[in-house]
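A.B. asks:
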Amino acid sequence: MRSQQPMTGADDLRFSWELAGSSATYRIADGASEHSAHVGYCTDALADLLYAVTGLYGGSSGERVSFDLEPVEMRWLLRREGSDVAITVFEFPDGVTSWGSPDETGGTLSWSSTQPRSALGHAVLEAAESVLREHGEAGCLEKWMRYPFPVAALQDPRRLHRRGDDCPHEQCRNHPDATDEREG
Ligand SMILES: [Zn+2]
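Structure (structure tokens):
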């Protein structure tokens, strides 16, 4: 049997995104606890997560992203708290009725953690990049079927993280994005 893809991340926070046929399993863990979910392919889930992370680098005080677990909805709320991000994950038993609802009524808290934005950004970006490295664009589309790997959605948060987070990891710190204001 193939061993599981190792979780990537800074400090205590670890995150992984593992593609299977027409689904993916994500795992997120801090030093205290772990949460995982098996996400269906009907939404562009990894892109949605990357867009939410991107929002944390703009003026937004909070972002949300919903994962379709068919029928369960798993909803992540990402709330800026200074240089940290409070992550709370709510589970809704019936995604058909809860999807897009304005608040967390009817949801159950599944997991929460407060982490530096740098750690969250790094962990999510590394996980996305390792999916692309492992499967390639063609392999990702073959597995997820409905959406291609979100190459474009990865660009902005990667640049913003390297430039704005003062990430301690070598591959971010030494990247030209971290210092060079000009592109191309
Ligand atoms: Zn980094």
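With UniProt numbering, letter number 119 in the sequence shown gets 119, and the count goes up by one each step, no holes.
Beta carbons: idealized from backbone N, C-alpha and C, even for Gly.
Remember, it's a predicted structure, so these values are computed and weren't measured experimentally.
Nearest-angstrom Cα distance between Q171 and T97?
C.D. replies: Sequence index remark: in the sequence shown, residue 171 carries index 171 (1-based). Sequence index remark: in the sequence shown, residue 97 carries index 97 (1-based). If I take the Cα positions, the gap works out to 43 Å.
A.B. asks: How many angstroms separate the CA atom of P176 from the CA atom of R75?
C.D. replies: As a working mapping, residue 176 is identified with position 176 in the sequence shown. As a working mapping, residue 75 is identified with position 75 in the sequence shown. So the two alpha carbons sit approximately 34 Å from each other.
A.B. asks: Got a sec: does ligand 1 put a non-hydrogen atom nearer than 6 Å to the Cβ of H122?
C.D. replies: Within the sequence shown, the letter at position 122 stands for residue 122. Answer for H122: yes, Cβ within range of ligand 1.
A.B. asks: I need the boundaries of the beta strand (DSSP E) containing E129, first residue and last residue.
C.D. replies: If you number the sequence shown from 1, residue 129 lands on position 129. Careful: E129 lies outside any beta strand (DSSP E), inside the alpha helix (DSSP H) at R117 to W144.
A.B. asks: Use the C-beta contact count for M1: other C-beta atoms within 10 angstroms, 16 or more gives buried, fewer gives exposed.
C.D. replies: Mapped onto the sequence shown, residue 1 falls at position 1. With a pLDDT of 45 at M1, under the threshold of 50, the modelled position of this residue cannot be trusted, and the question is left open.
A.B. asks: Taking P102 as the reference, which of V53, S113 and L77 has the closest Cα?
C.D. replies: Counting from 1 along the sequence shown, the entry for residue 102 is found at position 102. The shortest Cα separation from P102 among V53, S113 and L77 belongs to L77.
A.B. asks: CB P121 to CB H161, shorter than 7 Å?
C.D. replies: For the purposes of this step, residue 121 is taken as the residue at position 121 of the sequence shown. For the purposes of this step, residue 161 is taken as the residue at position 161 of the sequence shown. Before going on, a small fix: residue 121 reads as Gly here, not Pro. Yes, the pair counts as a contact, with Cβ atoms nearer than the cut-off.
A.B. asks: When DSSP labels each residue in this structure, what does N174 get in the three-state scheme?
C.D. replies: Reading the sequence shown from its first residue, position 174 is the one you call residue 174. Three-state DSSP puts N174 in coil, outside helix and strand.
A.B. asks: Suppose you measure from the CA of S23 to the CA of T88; what does that come to, to the nearest Å?
C.D. replies: Sequence index remark: in the sequence shown, residue 23 carries index 23 (1-based). Sequence index remark: in the sequence shown, residue 88 carries index 88 (1-based). Their backbone Cα atoms lie some 22 Å apart in a straight line.
A.B. asks: Which residues in the same chain as S118 place their Cβ atom closer than 6 Å to its Cβ, once the five residues preceding and following it in sequence are excluded?
C.D. replies: Taking the first residue of the sequence shown as 1, we reach residue 118 at position 118. Cβ within range, chain order: D165 and C167.
A.B. asks: Whose C-alpha, out of L13, A45, A32 and T54, is nearest the C-alpha of R163?
C.D. replies: The residue given as residue 163 occupies position 163 in the sequence shown. It is T54 whose Cα lies nearest to the Cα of R163.
A.B. asks: Could you check where the beta strand (DSSP E) with R32 kicks off and where it finishes?
C.D. replies: Counted from its first residue, the sequence shown places residue 32 at position 32. The identity of residue 32 in the sequence shown is Ala, whereas the question assumes Arg. Taken as a continuous stretch (DSSP letters only), A32 belongs to no beta strand (DSSP E), as it is neither H nor E.
A.B. asks: If we ignore side chains and look at the alpha-carbon of each, how far apart do S33 and L141 end up?
C.D. replies: In the sequence shown, counting from the first residue as 1, residue 33 sits at position 33. In the sequence shown, counting from the first residue as 1, residue 141 sits at position 141. Between S33 and L141, the C-alpha separation is close to 32 Å.
A.B. asks: Going by the CB atoms, is the gap between D48 and residue 186 shorter than 7 Å?
C.D. replies: In this structure the chain extends from 1 to 184, so residue 186 is not present and cannot be described.
A.B. asks: For a minimum of 4 consecutive residues, which ranges assigned as the alpha helix (DSSP H) are wholly contained in the segment 25-104?
C.D. replies: List check, alpha helix (DSSP H) in window: 45-55 and 95-98.
A.B. asks: Could you check whether A52 and E70 sit closer than 7 Å to each other, using their CB atoms as the reference points?
C.D. replies: By 1-based counting over the sequence shown, the position of residue 70 is 70. By 1-based counting over the sequence shown, the position of residue 52 is 52. In this structure, A52 does not lie closer than 7 Å to E70 by Cβ.
A.B. asks: First and last residue of the alpha helix (DSSP H) that includes L13?
C.D. replies: As a first step, residue 13 is located in the sequence shown; it is residue number 13 there, counting from the start. Segment: none, L13 is in no alpha helix (DSSP H) and carries neither H nor E.
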